[in-house]
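Note that the UniProt record's numbering numbers the sequence shown so that position 129 is 129, with each residue one more than the last. Glycine residues also receive a C-beta, built at the ideal position from the N, C-alpha and C atoms.
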Amino acid sequence: MCNNECDASTPELAHPPELMFDFEGRHPSTFWQSATWKEYPKPLQVNITLSWSKTIELTDNIVITFESGRPDQMILEKSLDYGRTWQPYQYYATDCLDAFHMDPKSVKDLSQHTILEIICTEEYSTGYMTNSKIIHFEIKDRFAFFAGPRLRNMASLYGQLDTTKKLKDFFTITDLRIRLLRPATGEIFVDEQHLARYFYAISDIKVYGRCKCNLHATVCVFDNNKLSCECEHNTTGPDCGKCKKNYQGRPWSPGSYLPIPKGTANTCIPSISSIGTNVCDNEFLHCQNGGTCHNNVKCQCPAGYTGILCEKLRCEEAGSCGSDSGHGARAQGSLTLLVALLGITGPRLF
């Protein structure tokens, strides 16, 4: 630990922030280290902010590995608006009631109905003990409330994410912030004769996720040093969040996991004003609901359907749909739904 004499101005004694994201497994290990608590009793507080300039959907646990003892008090926060506002994700403390006026809980105490509850846990805040280096924010344990303990029923989870916006937003971030509020002391009282022994040190932070592309992309790449979705289905925007010009024949909608396993692409279709000679084809603009493309010019729709791509019920257009019309709701689109997996790796997103 630098013999407690770390010095940012001396390369062999420096422990800069980028060492939290370098390759693990080196010996000796590399890590970032804060200043020591020499100004006690003034609080020693440090904020570590991770920003992607892109909306990210978390897919696995957030894992923070400390080289010092795990902090006595810490808050993990998230932002959904690129750091303009923040909200707590989870509180960590050796004594939740004393630190945050909250009763201690673990994720195992939650249920499907309380999964969005912000909790304070004492599970990861023990000081210098065996296996005391790692702190988790448990994503998979929350997924398990819907997908089962071994995540074998992912269809159930996808169905919940598709129909419950608050649940989907819970696992969505643009930024993360780690607020270190009190270093590990390993004892009840701070030893004021040896304040240099108190500090924060982190060797690794892992965040597992994928770009949010509203299920309208299969690849996310760096574009001008920013993550960007390679949008499909005639969509555009950083998150594929709108239809392209001349493809606004119906309101934009995100892709859907339902019906599982193929899902629904919800492809943007041409605007009536932009129709030219090429209305349908066999690659991007499929006729829907059993329609057939005639000479790449026009969709020939089956009885009961109409529209440029046979996307509308004929009775809807006539305003006569009802319980006796004989037409049930039917999913639009025949493209196979592909989850927008992250196509790059970098020091801050894995």
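With DSSP run on the structure shown, which of helix, strand or coil describes residue i?
{"i": "residue 160", "result": "helix"}
{"i": "residue 222", "result": "strand"}
{"i": "residue 353", "result": "In the structure as shown, the chain starts at 1 and stops at 350, and residue 353 therefore has no counterpart that could be examined."}
{"i": "residue 93", "result": "strand"}
{"i": "residue 143", "result": "helix"}
{"i": "residue 297", "result": "coil"}
{"i": "residue 175", "result": "strand"}
{"i": "residue 232", "result": "coil"}
{"i": "residue 108", "result": "helix"}
{"i": "residue 182", "result": "strand"}
{"i": "residue 243", "result": "strand"}
{"i": "residue 237", "result": "coil"}
{"i": "residue 116", "result": "coil"}
{"i": "residue 285", "result": "coil"}
{"i": "residue 195", "result": "helix"}
{"i": "residue 227", "result": "strand"}
{"i": "residue 258", "result": "coil"}
{"i": "residue 151", "result": "coil"}
{"i": "residue 313", "result": "strand"}
{"i": "residue 349", "result": "Residue placement at residue 349 is flagged as unreliable, the pLDDT there being 34, under the threshold of 50; the coordinate-derived value follows with that caveat. Coil, per DSSP."}
Using a Cβ-Cβ cutoff of less than 6 Å, which residues in the same chain neighbour residue i once the five nearest sequence positions on both sides are dropped?
{"i": "residue 240", "result": "213, 214, 216, 217, 229 and 231"}
{"i": "residue 203", "result": "29, 31, 65 and 67"}
{"i": "residue 20", "result": "32, 202 and 205"}
{"i": "residue 82", "result": "174"}
Could you tell me the boundaries of the alpha helix (DSSP H) in which residue i lies?
{"i": "residue 96", "result": "96-100"}
{"i": "residue 169", "result": "165-170"}
{"i": "residue 66", "result": "From DSSP, residue 66 is part of no alpha helix (DSSP H) but of the beta strand (DSSP E) over 62-66."}
Can you tell me which of the options puts its alpha carbon nearest to the alpha carbon of residue i?
{"i": "residue 226", "options": "55, 236, 20 and 32", "result": "55"}
{"i": "residue 247", "options": "256, 258, 269 and 257", "result": "269"}
{"i": "residue 359", "options": "209, 294 and 261", "result": "Because the chain here runs from 1 to 350, residue 359 falls outside it and cannot be looked at."}
{"i": "residue 320", "options": "311, 308, 309 and 304", "result": "304"}
{"i": "residue 51", "options": "36, 79, 75 and 69", "result": "79"}
{"i": "residue 138", "options": "249, 164 and 105", "result": "105"}
{"i": "residue 109", "options": "86, 141 and 135", "result": "141"}
Starting from the C-beta of residue i, find all residues in its chain whose C-beta is less than 7 Å away, skip the five residues before and the five after it, and write them out in chain order.
{"i": "residue 166", "result": "116"}
{"i": "residue 93", "result": "72, 73, 99, 100, 120, 122 and 125"}
{"i": "residue 325", "result": "Note that residue 325 scores 39 on pLDDT, short of 50, meaning its location in the model is unreliable; the coordinates nonetheless yield the value given after this. For residue 325, where only same-chain residues beyond five positions count, the Cβ hits under 7 Å are 315."}
{"i": "residue 162", "result": "256, 257 and 258"}
Go to residue i, then tell me how far its beta strand (DSSP E) extends in each direction, as first and last residue.
{"i": "residue 201", "result": "201-206"}
{"i": "residue 135", "result": "134-137"}
{"i": "residue 351", "result": "Nothing can be reported for residue 351: it is not among the residues displayed for the chain, which extend from 1 to 350."}
{"i": "residue 51", "result": "46-58"}
{"i": "residue 359", "result": "Given a span of 1 to 350 for the chain in the structure shown, any question on residue 359 remains unanswerable."}
For residue i, collect the residues of the same chain with a Cβ closer than 8 Å to its Cβ; drop the 5 residues on either side in sequence, then sort them by chain order.
{"i": "residue 255", "result": "214, 215, 216, 233, 263, 264, 265, 266 and 337"}
{"i": "residue 160", "result": "146 and 167"}
{"i": "residue 198", "result": "36, 37, 40, 44, 183, 184, 185 and 190"}
{"i": "residue 329", "result": "Low confidence applies here, because residue 329 scores a pLDDT of 29, under 50, leaving its location unreliable and the question unanswered by this model."}
Touch test, the segment 178-198 against the segment 37-56, Cβ-Cβ under 8 Å, three pairs minimum: yes
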